[in-house]
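Residue numbers (this note's numbering): 11 to 472. Yeah, the Cβ is synthetic: ideal placement off N, Cα and C, and Gly gets one too. Everything numeric in this text was worked out from a predicted model, so none of it was measured. What follows is a short report on a single structure.
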Ligand code: ADP
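What follows is the structure in structure tokens.
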């Protein structure tokens, strides 16, 4: 129990036991070294009692060694090392100081050794306050008893000073142990909290990694599905196309060989028209499958690793739209564009799609302007138009496959899906901001949520 009465957790008590065991082992080793050394002072100071004193020291040495072995090997040493700490104190106190005082009287200079032993216990042993108090009081009583047994206290004043010395050492030891215990407990709790936090962190990291792996697998499955579906659709389509052409040819030959009555001529024209519809539907489906295949390949065939200067790239794209721009009377303004790390072919596809859409969906707007540049201090790139704008409920959906808002303009609803995939493959994201009636701005970043400039900083590290 600590001083607040709250029982310490078992892990803390186990740690304390291990510490007491280690430190008491150290104290018994110190005893075995110091006790024989002080035999020399016995020789100088008390030659007449030398034999008894040396026997006392020898007993202390043997006892110290026995306590060391017990601490090292026995179950008692592991489960209750504090009992062996007490045994060491009794042994040390009785055989060295008890015998000393008993033989030569209370005024021995070795009295200061007892004071040192009590203070040393506080420094060395993380035993509890009451254990340390019991040992210190026991040593003081032993000192008094041995002094009385030796022949009484001749000088009360001297004796009182010695007892005061022992009491002061006891008080200092108690304060030291209390403070040490509190610090150790705080340190233990901080350490436990840190360990719990580290465990929680690695659990979260593991969870995140699992989830990312699941998502990647799912994404891969989707791409595989898209690829297989679009790939396998192509074979039957080519069959339909081939047979429709054969039918067309057969029909032409048939009508050149056989003179046709007017009814048959009408039927032939109908059939020819149907075949033309079939062939144009097949051609449209073929281009859709092509686009799907392209999307399925973005994931695997995009290499965002090259240095790309967006300025010239965008200028070339705008140049290629010159005819449509002039025909529709649209002005284009290109602002400063950074160098980025990416896949030049795919980035070309992104800007081409966005600029083409801006032209396609300009409608009848009186202001006819397309702006391309960077926003947010170069963190994002944008393509802005003064077209009809996009209602807020459609700003997410337009990036999904086959989603179209305006069927009066030709298109397949695939372009923005491809753009989003390419940008995500570059580690960025795309979103649209728009004021219906006043135009739309498509913003995108490249690389870890950052755009041009951040990406450009990365360039310098290449
Ligand atoms: P497509 O252009 O082939 O229809 P996209 O995926 O490129 O396919 O675009 C999806 C839809 O988003 C378009 O059909 C259109 O309704 C809307 N859209 C795209 N760009 C713009 C734009 N700049 N202004 C207004 N609407 C747009």
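First and last residue of the uninterrupted beta strand (DSSP E) at residue i
{"i": "residue 378", "result": "Note, residue 378: premise wrong, no beta strand (DSSP E); not H, not E."}
{"i": "residue 106", "result": "Here residue 106 belongs to no beta strand (DSSP E), and DSSP marks it neither H nor E."}
{"i": "residue 319", "result": "316-319"}
{"i": "residue 457", "result": "Counting along the chain, residue 457 falls outside any beta strand (DSSP E), and DSSP gives it neither H nor E."}
{"i": "residue 163", "result": "Taken as a continuous stretch (DSSP letters only), residue 163 belongs to no beta strand (DSSP E), as it is neither H nor E."}
{"i": "residue 343", "result": "341-344"}
Reference residue i; option with closest CA among the options
{"i": "residue 359", "options": "103, 237, 405 and 305", "result": "305"}
{"i": "residue 344", "options": "391, 55 and 376", "result": "391"}
{"i": "residue 69", "options": "80, 101, 84 and 89", "result": "101"}
{"i": "residue 173", "options": "160, 331 and 149", "result": "149"}
{"i": "residue 439", "options": "447, 446 and 457", "result": "457"}
{"i": "residue 89", "options": "20, 415, 57 and 126", "result": "20"}
{"i": "residue 252", "options": "33, 200 and 285", "result": "285"}
{"i": "residue 378", "options": "40, 340 and 195", "result": "340"}
{"i": "residue 39", "options": "78, 423 and 296", "result": "78"}
{"i": "residue 27", "options": "57, 135, 83 and 131", "result": "135"}
{"i": "residue 375", "options": "401, 395 and 227", "result": "395"}
{"i": "residue 297", "options": "35, 156, 423 and 445", "result": "423"}
{"i": "residue 156", "options": "204, 357 and 106", "result": "106"}
{"i": "residue 203", "options": "402, 22, 366 and 271", "result": "22"}
{"i": "residue 455", "options": "401, 357 and 402", "result": "357"}
{"i": "residue 421", "options": "367, 195 and 433", "result": "367"}
Cβ pair residue i, residue j closer than 8 Å
{"i": "residue 299", "j": "residue 244", "result": "yes"}
{"i": "residue 137", "j": "residue 197", "result": "no"}
{"i": "residue 328", "j": "residue 342", "result": "yes"}
{"i": "residue 350", "j": "residue 303", "result": "no"}
{"i": "residue 337", "j": "residue 289", "result": "no"}
{"i": "residue 247", "j": "residue 292", "result": "yes"}
{"i": "residue 1", "j": "residue 139", "result": "Nothing about residue 1 can be reported from this structure: the residues present for the chain run from 11 to 472 only."}
{"i": "residue 165", "j": "residue 113", "result": "no"}
{"i": "residue 152", "j": "residue 103", "result": "yes"}
{"i": "residue 30", "j": "residue 95", "result": "yes"}
{"i": "residue 81", "j": "residue 87", "result": "yes"}
{"i": "residue 373", "j": "residue 447", "result": "no"}
{"i": "residue 129", "j": "residue 179", "result": "yes"}
{"i": "residue 76", "j": "residue 145", "result": "no"}
{"i": "residue 415", "j": "residue 404", "result": "yes"}
{"i": "residue 397", "j": "residue 330", "result": "no"}
{"i": "residue 369", "j": "residue 323", "result": "no"}
{"i": "residue 435", "j": "residue 314", "result": "yes"}
{"i": "residue 261", "j": "residue 282", "result": "yes"}
{"i": "residue 266", "j": "residue 278", "result": "no"}
{"i": "residue 154", "j": "residue 115", "result": "no"}
{"i": "residue 432", "j": "residue 312", "result": "yes"}
Beta-carbon contacts of residue i that lie in its chain and below 6 Å, excluding the five residues immediately before and after
{"i": "residue 452", "result": "364, 393 and 442"}
{"i": "residue 110", "result": "118 and 120"}
{"i": "residue 429", "result": "360 and 363"}
{"i": "residue 226", "result": "none"}
Terminal residues of the alpha helix (DSSP H) in which residue i lies
{"i": "residue 390", "result": "Taken as a continuous stretch (DSSP letters only), residue 390 belongs to no alpha helix (DSSP H), being part of the beta strand (DSSP E) at 390-395."}
{"i": "residue 117", "result": "That residue, residue 117, is in no alpha helix (DSSP H); it is neither H nor E in DSSP."}
{"i": "residue 282", "result": "272-311"}
{"i": "residue 133", "result": "121-134"}
{"i": "residue 242", "result": "166-267"}
{"i": "residue 79", "result": "60-83"}
{"i": "residue 38", "result": "20-47"}
{"i": "residue 369", "result": "354-370"}
{"i": "residue 332", "result": "332-338"}
Close-in-space but distant-in-sequence residues of the same chain around residue i (CB under 7 Å, 5 per side omitted)
{"i": "residue 117", "result": "168"}
{"i": "residue 346", "result": "383 and 384"}
{"i": "residue 71", "result": "42, 45 and 46"}
{"i": "residue 175", "result": "125"}
{"i": "residue 460", "result": "Because residue 460 sits at a pLDDT of 41, beneath the cut-off of 50, its placement in the model cannot be relied upon, and the point is left open."}
{"i": "residue 419", "result": "370 and 371"}
Nonlocal neighbours in the same chain, by C-beta distance under 8 Å from residue i, ignoring five residues either side
{"i": "residue 53", "result": "60"}
{"i": "residue 49", "result": "63, 64 and 67"}
{"i": "residue 310", "result": "233"}
{"i": "residue 407", "result": "413"}
{"i": "residue 182", "result": "129 and 132"}
{"i": "residue 25", "result": "198"}
{"i": "residue 141", "result": "92, 95 and 96"}
{"i": "residue 325", "result": "344"}
Next item on the list: Would you list, in sequence order, the uninterrupted alpha helix (DSSP H) runs of no fewer than 4 residues that lie entirely inside the segment 391-454?
Entry: 425-435
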